[in-house]
Amino acid sequence: MQQADGFSLDSLLSADAVARRETHLDRGGAGSETLISIDVGQPDPASMPMDDLIVATERVLSTDRTALLYGSREGYAPLREIVAQKARRLESLEVDPGQINITNGSSQAIAMTAQALLDRGDWILMDEASWGVRVFKGFGASVFPVRWDDGGPIIADVEAGISAAENDGKPIKMFYTIPNFQNPLGITASVERRTAVLDLAVRHGFVILEDDAYVELRFEGSHLPSYYELDESRSRVVRAGTFSKIFGAGIRLGWTMASGELLSALMNYKLDGGASPFSSRILAEYMRGHMFDHIDDLIAVYRNKRDVMVQGLQKGLGSDATWSQPEGGFFIWLELPEGAIADEVRVSCGKRGVAVWSGAQFRWDGHDDRHVRLSYSFATPKEIEEGVAILCEEIRNLAT
Ligand SMILES: Cc1ncc(COP(=O)(O)O)c(C=O)c1O
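Under numbering that gives the first Met the number 0, the letters of the sequence shown match residues 0 to 399, in that order.
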């Protein structure tokens with residue numbers, strides 16, 4: 000757009016910036032009128048350990064002046080050790096802290112991987128509906144969406160994507176996937192599917208970018224091995240993780256697990272003077288004494304909220320609609336009854352102060368009338384009950 004003084008940014012913007020401008024990442028939600036948010040994947044505010052955090056912050060500020068210096072590219076060593084310790088305890092997975100790098104949220108980890116691997120127009124595979132749409136639109140990737148059933152990614156779709164890319168003369172570069180409590184689908188990929196996907200990655204030479212933002216928050220069932228663990232060569236998987244969901248998103252800290260050449264390629268994009276050395280020290284100070292108890296507390300909080308949401312849907316919609324039954328994480332993917340259009344549901348709920356997101360937001364092609372993503376992470380149990388009752392009423396009105 001040209002300004003009054005004749006200046007126009009259009010011809011100066013990079014192709015990447017234009018692509019980002021063309022994506023409508025933040026549509027949805029009910030804006031300032033919202034009273035009840037069952038849309039966003041924000042962590043539960045009531046669970047944030049404010050008092051202990053004040054103690055941790057005081058300790059850092061009174062003992063460690065390096066907190067306010069630039070940090071290393073790899074991140075604060077004790078925090079890397081804490082991530083390794085967490086993997087050992089919760090997953091029985093041994094990871095050398097040298098393979099762990101602290102990032103500015105897992106968003107940075109994912110963006111760094113995209114930067115390191117993708118040229119515009121390169122093919123990637125992505126879960127059919129995905130939080131990652133917002134990231135990859137910006138990188139100008141060509142995306143082949145892989146449908147999921149209850150077992151995870153459908154292998155025939157992975158194979159079809161590989162063939163489509165090969166026919167286009169540009170083989171698949173990576174599969175970006177969210178294996179646990181998928182956002183937005185709320186489903187977990189089985190070990191068999193993970194193994195089959197990894198097998199295809201080995202045979203066809205692509206990288207798996209495993210976004211495991213919710214792995215720690217499993218309410219029931221047993222932990223499944225990650226792609227990172229299954230890949231014994233440790234050469235073709237980048238695993239991204241985050242403290243946003245097990246501590247608080249405002250701390251803006253996450254990590255990658257990667258090794259060898261892949262790790263070196265990623266690190267060339269870590270140009271920020273180290274993920275906040277200050278936050279890293281406070282987080283490490285807190286997590287050292289509290290991490291596992293805090294995660295246990297969060298599991299109880301989110302399990303209860305999941306149950307409240309499921310009971311509300313059961314009560315309000317019964318067998319007239321279907322929804323995923325997440326064993327962890329934050330999200331439920333609701334398939335609407337015939338006649339109810341997702342965006343109309345979003346708008347009519349918004350008018351009554353309840354924010355939900357329509358499924359289109361998570362689709363690569365931006366189309367999905369049939370689904371709504373619900374989140375039970377942020378609202379209180381009482382709000383969830385009220386919000387879901389209103390949602391079900393609106394769905395019923397629109398479906399008839
Ligand atoms: C699947 C998934 N990956 C990554 C992120 C980004 O998390 P972070 O706060 O670590 O950047 C989110 C946030 O909602 C998410 O749901």
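The beta carbon of each residue, even a glycine, is placed where N, CA and C say it ideally should be.
Residue burial is scored here from C-beta neighbours: Tyr75 has at least 16 other C-beta atoms within 10 angstroms and is therefore classed as buried. Annotation: the continuous alpha helix (DSSP H) that includes Asp15 extends over 14–20. For Gly160, no beta strand (DSSP E) segment is defined; the enclosing uninterrupted segment is the alpha helix (DSSP H) at 154–166. Near ligand 1, meaning a Cβ closer than 6 Å to any of its heavy atoms, lie the following residues in chain order: Gly40, Gly104, Ser105, Ser106, Trp130, Ile177, Asn182, Asp210, Ala212, Thr241, Ser243, Ala248, Gly253. Cβ contact annotation for Leu208 (same chain, cutoff 6 Å, sequence separation greater than five): Thr112, Met173, Tyr175, Val237, in chain order. Between the alpha carbons of Val132 and Phe361 lies a distance of about 6 Å. With 16 or more other Cβ atoms from the protein chains shown falling within 10 Å of its own Cβ, Tyr213 counts as buried. Following the DSSP letters along the chain, one finds Phe135 inside the alpha helix (DSSP H) bounded by residues 132–137. Taking a 10 Å sphere around the C-beta of Phe6, we find fewer than 16 other C-beta atoms and assign the residue as exposed. Separation of Leu265 and Thr56 (C-alpha to C-alpha, rounded to the nearest whole angstrom) is 31 Å. The beta carbons of Arg372 and Pro178 sit about 18 Å from each other, so the pair does not count as a contact at 8 Å. Excluding residues up to 5 positions away in sequence, Gln41, Pro42 lie with their Cβ nearer than 7 Å to the Cβ of Ala248 in the same chain.
In this structure, the straight-line span from the alpha carbon of Arg217 to that of Val134 is close to 25 Å. Just so you know, the alpha carbons of Ile37 and Phe377 end up roughly 7 Å apart.
The three-state reading of DSSP puts Val142 in strand, counting E and B together. The alpha carbon of Pro96 has as its nearest neighbour, out of Glu90, Pro77, Ser105, the alpha carbon of Pro77. In the structure shown, the three-state DSSP call for Ala248 is helix. Counting other Cβ atoms within 10 Å of its Cβ, Val353 reaches 16 or more and is therefore classed as buried.
According to the DSSP secondary-structure assignment, Ala354 is paired through a beta bridge with Ser36. Just so you know, the alpha carbons of Gly311 and Phe330 end up roughly 14 Å apart.
Counted as a single uninterrupted DSSP element, the beta strand (DSSP E) harbouring Leu208 occupies residues 206–210.
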